[in-house]
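*Asks:* Basically my numbering = 1-based index in the sequence shown + 96. Dumping the structure here so I can ask a few things about it.
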Amino acid sequence: MRNWTAPSARSQPSPINDEFASCLNISQLLRRVYSVNRDCIIAVAYNRVPPCVFFWCQLKSLLTDVIAERFGTARDNHPERPLHALLFECLRHCVLDGSLPASSRLPPTRDLATQLALSRNTVAGAYDQLRAQGYTRAVTGSGTFISDQIPDELRAPTVQEALRITPFGRDAHAALSRRGRNMLNAESETRDAFGAFVPGAPDLARFPRRKFSALVAKWWKQAPPEALSYAPGGGHPALREALSRYLRQARSLNCEPDQIILTDGVQQALDLIVRLLGDNGDSAWIEDPGYWGVRSVLRGNGINPLPRPIDAQGMVIPNEVGPHAPQPRLIFVTPSHQYPLGAVMSVERRTALLQVAQRLGSWIVEDDYDSEFRFSNLPVLPLYGMATEERVIYTGTFSKTLYPGIRTAYMVVPRHLAAAFRRAQARLYRSGSLLMQLVLAEFVDTGQYSSYIREMRLTYAARRAFLRQLIEEAFDASWIHQYDTPAGLHLTLKLPQHVDDVALEAAIAQHGVQTRALSQYYFDSTTAEKGLLLGFAGTSPQNMRAPFSIVAQCVRNAAG
């Protein structure tokens with residue numbers, strides 16, 4: 097076998113040459129899985145080794161098995177998505193993570209349809225989409241083959257790439273539990289959180305380091321020894337009392353310190369809410385598009401997310417929820433400034449939501465993530481303040497107002513649930529940030545926090561106006577999303593529906609500019625609006641024009 101020599105390649109593609117290329121590319125994969133010699137693979141491809149006929153059947157079915165396994169997992173995780181869209185995404189990920197190597201031949205549509213129990217039209221539709229986007233090529237009389245070279249802009253990161261960690265070359269994805277796979281299969285993942293146009297990132301250069309570091313030094317010197325221990329359930333009383341006074345003044349929230357639960361970030365707050373109020377198999381209404389972190393928490397805890405569309409008044413509330421329809425145990429909303437489109441939930445819609453929650457026995461989770469940065473004189477009352485029944489949990493964070501690394505958030509829970517939340521928070525997470533909580537308590541109570549918010553509100557308003565000006569100069573005002581309101585830390589740039597905003601985000605990132613594709617915030621990316629989220633808070637006007645020119649040029653290239 098060692099002396100066997102492969103025939104020279106011919107200039108025109110043929111089934112044999114394509115099979116030969118396929119074998120060369122997947123030989124490494126097969127050696128890992130079956131410990132097969134590479135020369136044996138090549139020989140079998142040319143039918144030079146008759147005893148290997150059984151192995152050759154294994155070789156030809158291997159790719160089908162890989163696709164079937166991936167598709168089965170995707171179908172379990174996303175039963176609500178169209179089958180052709182699931183199959184396309186499954187095949188796309190197999191191409192990008194190397195499970196379907198370059199030049200390998202896809203199974204015939206009829207064979208794959210039989211293997212996956214799908215219609216042949218469904219499989220053919222997924223194949224057509226792969227070919228249209230450049231992942232495959234069709235060879236008349238031979239079949240469909242993975243393209244030899246995949247353009248960089250199509251190479252979006254996948255979960256599988258991030259999890260390729262074992263020394264045996266096997267994908268760690270297979271070792272995860274179903275719950276772990278559900279959590280990691282979220283459409284959007286954490287990426288760079290610093291740089292021009294990262295949405296939600298505050299200006300870290302403007303943070304009052306001198307004043308804040310003086311408070312840190314003071315408390316390091318005078319804090320009692322127990323301040324270096326674990327925090328009590330709910331957090332330090334000093335910060336809870338300071339927040340109670342601040343929320344009453346700034347957001348008209350009538351809450352007692354005992355109702356405030358301090359957490360290590362909003363994700364932990366959401367996780368605690370879902371663990372205490374939701375059971376495995378329950379359902380939750382989420383905004384579509386909406387914050388991807390909510391979907392991650394729900395899936396990680398076995399809760400079925402039910403997307404609700406967004407219009408100019410916020411989440412669309414159904415007139416009736418039938419007895420046979422899934423009843424939402426939890427409802428997640430951003431009513432003061434919908435993320436990411438920017439709509440403000442109307443009073444009528446808020447009233448309807450509160451009535452639905454009361455009728456169904458649902459809990460509303462109100463994420464007031466950037467309410468401090470409203471640039472008009474019209475205040476927006478939190479949903480929590482409108483509720484006559486205690487069905488609303490209010491959440492807020494210091495990450496958007498101060499800096500992300502501070503990892504301190506809070507929630508206001510109903511009085512009768514406060515003790516349970518405090519006990520659960522202490523048992524599950526054992527927070528150790530007491531010293532920082534003491535620093536924040538003094539920063540808030542002495543008025544330094546409110547003063548800093550007022551200063552940055554003016555700064556961000558000017559930056560928002562400048563970015564709007566750049567957009568109108570490069571395109572026109574109609575490119576800004578129609579639900580936009582003067583608030584928050586980003587603008588949403590609308591794109592023509594034929595533009596692949598994920599590929600556009602990747603192309604812009606190659607120039608060192610960070611944006612976010614709007615379609616990735618949708619539950620079903622196949623029906624998503626196309627756009628880009630452009631954060632303006634972290635970049636001064638004098639440093640904004642150059643990166644925006646890169647964005648504008650990439651948008652023009654993509655739009656055609």
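Note that the Cβ used here is the ideal one computed from N, Cα and C, for glycine as well.
Buried or exposed for Leu-324, please, with buried defined as at least 16 other CB atoms from any protein chain shown within 10 angstroms of its CB.
*Replies:* If you number the sequence shown from 1, residue 324 lands on position 228. With fewer than 16 Cβ atoms within 10 Å of its Cβ, Leu-324 is classed as exposed.
*Asks:* Taking the Cβ atom as the reference point for each residue, do Gly-481 and Ser-348 lie within a distance shorter than 8 Å?
*Replies:* If you number the sequence shown from 1, residue 481 lands on position 385. If you number the sequence shown from 1, residue 348 lands on position 252. In contact: Gly-481 and Ser-348 (Cβ atoms closer than 8 Å).
*Asks:* Please report the straight-line C-alpha distance between Gln-718 and Tyr-506, rounded to a whole angstrom.
*Replies:* Nothing can be reported for residue 718: it is not among the residues displayed for the chain, which extend from 97 to 656.
*Asks:* Are the CB atoms of Asp-360 and Tyr-525 nearer to each other than 8 Å?
*Replies:* Position 264 of the sequence shown, counted from the start, is the residue given in the question as residue 360. Position 429 of the sequence shown, counted from the start, is the residue given in the question as residue 525. Yes. Within cutoff.
*Asks:* Rank Cys-650, Ile-163 and Arg-171 by C-alpha distance to the C-alpha of Leu-196 and give the top, closest one.
*Replies:* Walking along the sequence shown from the start, residue 196 turns up at place 100. It is Ile-163.
*Asks:* Ignore the nearest five residues each way along the sequence and tell me which others in Asn-376's own chain have a CB closer than 7 Å to its CB.
*Replies:* Taking the first residue of the sequence shown as 1, we reach residue 376 at position 280. Counting only Cβ-Cβ distances below 7 Å, and skipping sequence neighbours, we find Gly-398.
*Asks:* What's the gap between the Cα of Leu-591 and the Cα of Leu-536?
*Replies:* Position 495 of the sequence shown, counted from the start, is the residue given in the question as residue 591. Position 440 of the sequence shown, counted from the start, is the residue given in the question as residue 536. About 41 Å.
*Asks:* State the DSSP-derived secondary structure class of Tyr-435, mapped to helix, strand or coil.
*Replies:* Taking the first residue of the sequence shown as position 1, residue 435 is located at position 339. Tyr-435 falls in the coil class under three-state DSSP.
*Asks:* With a CB to CB cut of under 8 Å and the five nearest residues on each side skipped, what residues in its chain are close to Pro-637?
*Replies:* Position 541 of the sequence shown, counting from 1, holds the residue named residue 637. Around Pro-637: Ala-558, Arg-559 and Phe-562.
*Asks:* Please go through the segment 319-376 and give each complete alpha helix (DSSP H) segment of 4 or more residues, from N-terminal end onward.
*Replies:* If we require 4 residues or more, the alpha helix (DSSP H) runs fully inside the segment 319-376 come out as 333-346 and 362-373.
*Asks:* Going by DSSP in three states, Gly-634 sits in which element: helix, strand or coil?
*Replies:* Residue mapping note: residue 634 aligns to position 538 of the sequence shown, counting from 1. Coil, per DSSP.
*Asks:* Tell me the rounded alpha-carbon separation between Ala-66 and Thr-240.
*Replies:* The chain is shown only over 97 to 656; residue 66 falls outside these bounds and no answer can be derived.
*Asks:* Tell me the DSSP secondary structure of Tyr-480 in three-state form.
*Replies:* Indexing the sequence shown from 1 puts residue 480 at position 384. Correct three-state label for Tyr-480: helix.
*Asks:* With a cut-off of 8 Å on the beta carbons, I'd call Gly-426 and Trp-459 a contact; round off their distance for me.
*Replies:* On the sequence shown, position 330 is the one that residue 426 refers to. On the sequence shown, position 363 is the one that residue 459 refers to. One point to set straight first is that residue 426 is Leu, not Gly, in the sequence displayed. Confirmed, Cβ separation roughly 5 Å.
*Asks:* Taking the alpha helix (DSSP H) that Leu-474 falls in, what are its first and last residues?
*Replies:* Along the sequence shown, read from residue 1 onward, the residue named residue 474 stands at position 378. Here Leu-474 belongs to no alpha helix (DSSP H), and DSSP marks it neither H nor E.
*Asks:* Looking at the secondary structure, which residues open and close the beta strand (DSSP E) in which Asp-407 lies?
*Replies:* The residue labelled residue 407 in the question sits at position 311 within the sequence shown. Segment 400-407, the beta strand (DSSP E) holding Asp-407.
*Asks:* Which residues does DSSP pair with Tyr-506 in a beta bridge?
*Replies:* Position 410 of the sequence shown, counted from the start, is the residue given in the question as residue 506. Looking at the DSSP assignment, Tyr-506 forms a beta bridge with Leu-358 and Gly-492.
*Asks:* With distance defined between alpha-carbon atoms, name the residue in Arg-395, Ser-645, Ala-408 and Glu-468 nearest to Arg-274.
*Replies:* Stepping through the sequence shown from its first residue, residue 274 is reached at position 178. The shortest C-alpha separation from Arg-274 is found at Arg-395.
*Asks:* Short check: CB of Gly-634 to CB of Gly-438, under 8 Å?
*Replies:* Within the sequence shown, the letter at position 538 stands for residue 634. Within the sequence shown, the letter at position 342 stands for residue 438. Taking 8 Å as the Cβ cut-off, Gly-634 and Gly-438 do not qualify as a contacting pair.
*Asks:* Hey, out of Val-191, Val-235 and His-174, whose CA is closest to Pro-204's CA?
*Replies:* Position 108 of the sequence shown holds residue 204. Comparing Cα-Cα distances from Pro-204 to each of Val-191, Val-235 and His-174, the minimum goes to Val-235.
*Asks:* Contact criterion: CB-CB distance below 8 Å. Does Val-390 meet it with respect to chain B?
*Replies:* Within the model displayed, chain B is absent; a lone protein chain is all it includes.
*Asks:* I need the boundaries of the beta strand (DSSP E) containing Phe-428, first residue and last residue.
*Replies:* On the sequence shown, position 332 is the one that residue 428 refers to. First-last of the beta strand (DSSP E) with Phe-428: 424-429.
*Asks:* What's the call for Thr-493, buried or exposed, on a 16-neighbour Cβ count within 10 Å?
*Replies:* In the sequence shown, counting from the first residue as 1, residue 493 sits at position 397. Buried, because 16 or more other Cβ atoms sit within 10 Å of the Cβ of Thr-493.
*Asks:* Which two residues bound the contiguous alpha helix (DSSP H) that contains Phe-644?
*Replies:* Walking along the sequence shown from the start, residue 644 turns up at place 548. Note, Phe-644: alpha helix (DSSP H), 641-655.
*Asks:* Can you name, in chain order, every residue of its own chain whose Cβ lies under 6 Å from the Cβ of Ala-514, other than the five neighbours on each side?
*Replies:* Here residue 514 refers to the residue found at position 418 when the sequence shown is read from its first residue. So the list reads Asp-354 and Gln-355, once near-sequence residues are dropped.
*Asks:* Out of curiosity, what's the CA-to-CA distance linking Asp-597 and Ala-613?
*Replies:* One-based indexing of the sequence shown puts residue 597 at position 501. One-based indexing of the sequence shown puts residue 613 at position 517. Asp-597 and Ala-613: Cα-Cα distance of roughly 5 Å.
*Asks:* Which residues does DSSP list as the beta-bridge partners of Met-411?
*Replies:* Against the sequence shown, residue 411 aligns to sequence position 315. Ile-406, per the DSSP bridge assignment.
*Asks:* Curious, which full-length alpha helix (DSSP H) runs of at least 4 residues does the segment 168-199 contain?
*Replies:* Taking only runs of at least 4 residues, the alpha helix (DSSP H) segments lying wholly in the segment 168-199 are 179-192.
*Asks:* Quick one: what's got a C-beta closer than 6 Å to Val-651's C-beta in the same chain, skipping five residues either side?
*Replies:* Here residue 651 corresponds to residue number 555 of the sequence shown, with the count starting at 1. Answer for Val-651: no residue qualifies.
*Asks:* Just the Cα atoms here: how many angstroms apart are Phe-450 and Asn-639?
*Replies:* By one-based count along the sequence shown, residue 450 stands at place 354. By one-based count along the sequence shown, residue 639 stands at place 543. Checking the sequence shown, residue 450 turns out to be Leu, not Phe. Using only the alpha carbons, I get a separation of about 44 Å.
*Asks:* For a test of the three-state rule: what should DSSP assign to Glu-46, helix, strand or coil?
*Replies:* Absent from the model: residue 46. The displayed extent of the chain is 97 to 656, so no value can be given.
*Asks:* Name the residue from Thr-169, Ala-222, Ser-215 and Ala-213 whose alpha carbon lies nearest to the alpha carbon of Leu-202.
*Replies:* For this step, residue 202 is matched to residue 106 along the sequence shown. The shortest Cα separation from Leu-202 among Thr-169, Ala-222, Ser-215 and Ala-213 belongs to Ala-222.
*Asks:* Among residues of its own chain, excluding the 5 on either side of Pro-431, which ones have a beta-carbon nearer than 7 Å to its beta-carbon?
*Replies:* Working through the sequence shown from its first residue, we reach residue 431 at position 335. Excluding sequence neighbours, Pro-431 sits near Gly-410, Met-441, Arg-446, Glu-462 and Leu-479.
*Asks:* Work out the CA separation of Glu-551 and Asn-473 for me, nearest whole Å.
*Replies:* Translated into positions along the sequence shown, residue 473 becomes position 377. Translated into positions along the sequence shown, residue 551 becomes position 455. Going by the C-alpha atoms only, they are around 16 Å apart.
*Asks:* Take Tyr-342 and list the residues in its own chain whose beta-carbon comes closer than 6 Å to its own, dropping the five residues that flank it on each side.
*Replies:* Looking up residue 342 in the sequence shown gives position 246. These residues qualify, in order along the chain: Val-540.
*Asks:* Over what stretch of residues does the alpha helix (DSSP H) that includes Thr-622 continue unbroken?
*Replies:* Here residue 622 corresponds to residue number 526 of the sequence shown, with the count starting at 1. Run containing Thr-622: none; DSSP gives neither H nor E here.
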